[in-house]
Amino acid sequence: MLATVLGALSSGFLQTLKLFAITLIGSLPLGLIISFGSMSRWAPFARLGNRLEAAGGESKFTHFCEWFKPISLLVKVIVWIVRGTPLMLQLIIIFYIPGQLLPGGSPWPAGDNGRFIAAAVAFIFNYACYFSEIYRGGIQGVPVGQQEAGQVLGMTKRQIFFKVTLLQMIKRIVPPMSNEIITLVKDTSIARIISFQEIIWAGYSFLKGSHGYSGLIWPLFFTGVYYLVFNGLLTLLFGWVERRLSYFR
Amino acid sequence: MSVLEVNALRKSFGEVEVLKNIDFTLEKGEVIAIIGSSGSGKTTLLRCLNFLEKPNGGTISVNGNVIFDGNAPETQSEAEIRLKRLHFGLVFQSFNLFPQYTALQNVKLARELLAQERSDWKQNRKAILAEIDAEARHLLDQMGLAAKADFYPHQLSGGQQQRVAIARALALSPDILCFDEPTSALDPELTGEVLRVIKGLADKDTTMIIVTHEMQFAREVADKVLFMDGGHIVESGPPEEVFGNPKHERTKHFLERYSGT
């Protein structure tokens, strides 16, 4: 019995890890792009506003011209929606709604593969929005003087970002990131709502009946051990990264 | 021909006019000290020269070439400004060393990045890097910091950090080295070592603009003193005159307050 349960839980946990890994791979870079979007200062009417202000003084319209930054605004609204609604709901919408709307039916492949892809899309987008806010805090937390020192030394914007700001930002975001990533390990269990067969699903199956057993509750409890061990390893890893970056302040 | 010529320079932040018609010239090897109370526009002037702020009008010329023209302010591209900046070096009040690099790496970084744009970078990479390394070590040695080359900024005292920052600015051999209150963030016992280093540079005919609250130092080191108040240069001249025989009421008033302390 034990071997059967451990086998089923382990293959469930493999699915958990798969979703965890793909979410990180997708959302870490996407989050950075979103954070740049939310910090975008592109204001298409700013010059018009300045000219009107020079000609006729300030008005509601000139204020609007300065305030209106479409990229930043759009990104902020998206982040608000994604962070403001449950991941479970987003998962359901992403999995079921395209099939209802698109004439060709659901774009997701049939079976487990489709469930995995839909879950990955929902998780990547959701976590990218959370990460973007952490990145933003990290970038804006680096003192302006660092950027100015780079500028005065004739460095390009690119060089300043990669050679000066980036590592200082990484050092700042490691603690909040590790928090978020450990939450992600456990959040993968939400994918069960679209029957993605991760470890909680596997544990629960012994209660409902599968592999010739039913009414077994302990396999479900035992899934906690997997989470604990894996998150323990992650905690060690983040501690190591923090120590590696402790050579500067 | 003057190294630097500033004409009718103006800068406003919104409604507030911080610089009003600033005119002055700086000759090669000359040291100008800018004094004045906080908010008089001293720092903004330095930041305009270094393109950290964009002036609203006037011109800035270096070696006879106009590098900023208030009548055509939109024509400057990012890349152009970057090259023009290299005429100036700036030492900040708060040092702004890069914390993740050692003292030596701080001094070398910008030069190494610039060297990568040289046409012979690929062939002579090793020789170029060796030269930059040697010059950076020499600069740190000049600052009395040879033994601290491999220390990170947080392992150095404020005075040492500021001397690294001076070496970092010198590494690009700017035509004009600017100091923005270089000792204001330092404990009193650490200001001496930084002022000595700056004095040493003045003795070697480095062209400098120094914004400072250290009146005694300004008097010793400067060839010309500018007193700024309310965005104007109220009085300028040799230190003996500005300090010894100030002509304007405001200058007298300012100096009295300082000599009182």
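So the protein lines, in turn, are chains E and C.
Mapping the first sequence onto numbering that gives the first Met the number 0, position 10 (from 1) lands on 9, and the numbers just tick up by one.
Mapping the second sequence onto numbering that gives the first Met the number 0, position 162 (from 1) lands on 161, and the numbers just tick up by one.
Glycine is no exception: its CB is placed at the ideal position from the N, C-alpha and C atoms.
Since the model is a prediction, treat every value here as computed from it, not as a measurement.
Using a C-beta cutoff of 8 Å, does residue i count as contacting chain C?
i: residue 191 of chain E; result: no
i: residue 154 of chain E; result: yes
i: residue 59 of chain E; result: no
Please classify residue i: does DSSP put it in a helix, a strand, or coil?
i: residue 151 of chain C; result: coil
i: residue 9 of chain C; result: strand
i: residue 246 of chain E; result: coil
i: residue 142 of chain C; result: coil
i: residue 223 of chain C; result: strand
i: residue 233 of chain E; result: helix
i: residue 174 of chain C; result: coil
i: residue 141 of chain E; result: coil
i: residue 67 of chain C; result: strand
i: residue 111 of chain E; result: helix
i: residue 226 of chain E; result: helix
i: residue 195 of chain E; result: coil
i: residue 185 of chain C; result: coil
i: residue 236 of chain C; result: strand
i: residue 179 of chain C; result: strand
i: residue 100 of chain C; result: coil
i: residue 177 of chain E; result: helix
i: residue 57 of chain E; result: coil
i: residue 247 of chain C; result: coil
Distance, Cα to Cα, residue i vs residue j?
i: residue 237 of chain E; j: residue 170 of chain E; result: 11 Å
i: residue 91 of chain E; j: residue 193 of chain E; result: 7 Å
i: residue 163 of chain C; j: residue 147 of chain E; result: 16 Å
i: residue 98 of chain C; j: residue 206 of chain E; result: 56 Å
i: residue 27 of chain E; j: residue 129 of chain E; result: 10 Å
i: residue 31 of chain C; j: residue 47 of chain E; result: 40 Å
i: residue 9 of chain C; j: residue 165 of chain E; result: 35 Å
i: residue 1 of chain C; j: residue 24 of chain C; result: 6 Å
i: residue 203 of chain C; j: residue 243 of chain C; result: 26 Å
i: residue 117 of chain C; j: residue 77 of chain C; result: 19 Å
i: residue 246 of chain C; j: residue 227 of chain C; result: 14 Å
i: residue 207 of chain C; j: residue 176 of chain C; result: 5 Å
i: residue 56 of chain E; j: residue 193 of chain C; result: 48 Å
i: residue 105 of chain E; j: residue 93 of chain E; result: 10 Å
i: residue 106 of chain C; j: residue 135 of chain C; result: 6 Å
i: residue 139 of chain C; j: residue 103 of chain C; result: 8 Å
i: residue 231 of chain E; j: residue 181 of chain E; result: 9 Å
i: residue 111 of chain C; j: residue 50 of chain C; result: 22 Å
i: residue 198 of chain C; j: residue 223 of chain C; result: 14 Å
If we cut at 8 Å on Cβ distances, does residue i have a partner in chain E?
i: residue 99 of chain C; result: yes
i: residue 71 of chain C; result: no
i: residue 91 of chain C; result: yes
i: residue 171 of chain C; result: yes
i: residue 136 of chain C; result: no
i: residue 81 of chain C; result: yes
So which residues of chain E does residue i contact, with C-beta pairs closer than 9 Å?
i: residue 151 of chain C; result: 246, 247 and 248
i: residue 51 of chain C; result: 147, 150 and 151
i: residue 84 of chain C; result: 150, 151, 152 and 153
i: residue 112 of chain C; result: 152, 153, 154, 155, 158 and 162
Quick one: list the residues of chain E neighbouring residue i, beta-carbon separation under 8 Å, in chain order.
i: residue 95 of chain C; result: 142, 144, 145, 147 and 148
i: residue 64 of chain C; result: By Cβ distance, chain E contributes nothing, its closest Cβ being about 17 Å from residue 64 of chain C, past 8 Å.
Can you name the residues of chain C whose CB is closer than 8 Å to the CB of residue i?
i: residue 99 of chain E; result: Per Cβ cutoff of 8 Å: no residues; residue 99 of chain E is ~48 Å from chain C at best.
i: residue 139 of chain E; result: By Cβ distance, chain C contributes nothing, its closest Cβ being about 17 Å from residue 139 of chain E, past 8 Å.
Tell me, please, which residues DSSP counts as bridged to residue i.
i: residue 4 of chain C; result: C:24 and C:60
i: residue 228 of chain C; result: C:231
i: residue 1 of chain E; result: For residue 1 of chain E, which the question treats as bridged, DSSP gives no partner whatsoever.
i: residue 18 of chain C; result: C:10
i: residue 32 of chain C; result: C:209 and C:224
i: residue 90 of chain C; result: C:178
i: residue 257 of chain C; result: Note: residue 257 of chain C sits in no beta bridge, so no partner.
i: residue 212 of chain E; result: E:209
Output, in chain order, the set of chain C residues within a Cβ distance shorter than 9 Å of residue i.
i: residue 167 of chain E; result: 97, 98 and 99
Which chain E residues are close to residue i, counting only those with a beta carbon under 7 Å from its beta carbon?
i: residue 109 of chain C; result: 152, 153 and 154
What do you reckon, is the C-beta of residue i under 7 Å from a heavy atom of the ligand ATP?
i: residue 180 of chain E; result: Summarising the ligand content, the structure contains no ligands, and the ligand ATP is consequently not present.
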